[in-house]
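In the numbering used here, the protein residues as written are 13 to 160.
Take a look at the structure set out below.
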């Protein structure tokens, strides 16, 4: 388990490049088109391991595994998403975060409990929110709220 005191900066940069800077680059590239849409949605895929609220609690199961690479990149993504939400709060563009849960992907050696199809359900649900749907949420499947 990487800790802030011993992690390779190259490893941090590689993961953050995808999970934070890549998301920001896509946001900046797509925003002009989203502003032209009458029903724009931004759904950023985070993880419950990025919840600062949960990870600050020593009793939470993710507390012991919070580290500077993947978990911290997801916490940074959550902060970046909050910046997007604040920037767009006066528009009709909805910005939300979702966690696909522990899905069976290459990231975890296919050891997850959820199928990719099940993990994608919340992304689709939030992307299809109607005009009266919420913005600024962080949820997992079936609209279960995850603390920021």
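Idealized CB from N, CA, C, for every residue including glycine.
| Asked | Found |
| --- | --- |
| Which one of 133, 157, 89, 103 has the shortest CA to CA distance from residue 35? | 89 |
| State the DSSP-derived secondary structure class of residue 13, mapped to helix, strand or coil. | coil |
| Chain C beta carbons: is any one of them nearer than 8 Å to that of residue 20? | Absent from the structure: chain C. Only one protein chain is present. |
| If we count the other Cβ atoms within 10 Å of its Cβ and call it buried at 16 or more, is residue 42 buried or exposed? | exposed |
| Mark residue 152 as exposed unless 16 or more other C-beta atoms lie within 10 angstroms of its C-beta, in which case mark it buried. | buried |
| Evaluate contact between the region 21 to 32 and the region 98 to 112, counting only Cβ atoms and requiring at least three cross-stretch pairs below 8 Å. | no |
| Are the Cβ atoms of residue 138 and residue 108 separated by less than 8 Å? | yes |
| Alpha carbon to alpha carbon, what distance is there between residue 70 and residue 76? | 8 Å |
| Looking only at its own chain, which residues have a Cβ that is under 7 Å from the Cβ of residue 27, when we skip the five neighbours before and after it? | 81, 82, 85 |
| Residue 10 bridges to which residues according to DSSP? | The requested residue 10 is not part of the displayed model; the chain covers only 13 to 160. |
| Is DSSP giving residue 156 helix, strand or coil here? | strand |
| Give the DSSP-derived three-state secondary structure of residue 33 in the structure shown. | helix |
| Roughly how many angstroms separate the alpha carbons of residue 144 and residue 106, rounded to a whole number? | 10 Å |
| Have a look at the DSSP bridge pairing and note the partners of residue 150. | 109 |
| Between which two residues does the alpha helix (DSSP H) carrying residue 27 extend? | 21 to 28 |
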